[in-house]
Amino acid sequence: MDCLPHDADFCRLLLGGEKPEEVYATGARSNEELAEAMVADTATVTAKYKKLGVVVHVCLFRGATYGYDNRIEVFGTKGRFVVETPPELSVRCSDKDSIHAPALMFSFPQRFAAAFAAEVDLFARGVLAEPGAKWLVDRTACIAAQKFAMAAAASKRDGTVKNL
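Residue 68 in this note's numbering is what sits at position 68 of the sequence shown, and the numbering runs on without skipping anything.
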């Protein structure tokens, strides 16, 4: 549940503020330390947005050896939308056997440095009451993301679909 509110918030932003009507989650523990703490290191969450006719599938994995794998893909009648973790270097080598690429960015500062700087800038502009300095995530969005994550955690615990 600690990672999911960010993904839930992103889904809400991407889907025009819509909230899911149904959430189902499952997970597993492959890391011994996390298993002892009763924390899943692998989880899948499916959220149904009936009003939009959209199903979102979020995969969370803490142990990818090639970097922090975090992505969302949305397919629709007009095209595809993809957001994913960038690689550490923007170089690829292709030969007759395969395509080789560097690992994905791993640390939080690597992945979110630009986003953090933009948030600090927007916060400062908001404090100074500059025109156009509107915060995209409000109290309603925070509550919706937390409800999504709590429903997913409850679903994982008892194996049932949760209605929101």
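C-beta atoms are modelled at their ideal positions from N, C-alpha and C, and glycine is treated no differently.
One or two residues paired with residue i in a DSSP bridge
i	result
residue 161	Note: residue 161 sits in no beta bridge, so no partner.
residue 49	54
residue 131	Paired residue(s): none; residue 131 is not in a bridge.
residue 6	None, per the DSSP bridge assignment.
residue 85	DSSP lists no partner for residue 85.
residue 24	46
Cβ-heavy atom distance, residue i to the ligand NAD, below 7 Å
i	result
residue 60	Absence of the ligand NAD from the depicted structure is noted, as is the absence of any ligand whatsoever, leaving it without description.
Three-state secondary structure (DSSP) of residue i
i	result
residue 62	coil
residue 113	helix
residue 123	helix
residue 18	coil
residue 166	Residue 166 lies beyond the range of the chain shown here (1 to 164); nothing can be said about it.
residue 92	coil
residue 104	strand
residue 166	For the chain, the structure presents residues 1 to 164; residue 166 sits outside this window and is missing.
*Per the contact definition of three or more C-beta pairs closer than 8 Å, is the stretch 1-21 in contact with the stretch 148-160?*
yes
*Decide if the stretch 42-50 is in contact with the stretch 24-32; the criterion is three or more beta carbon pairs, one per stretch, under 8 Å apart.*
yes
*Touch test, the stretch 120-135 against the stretch 100-108, Cβ-Cβ under 8 Å, three pairs minimum*: no
*Between the stretch 86-102 and the stretch 128-148, are three or more C-beta pairs nearer than 8 Å?*
no
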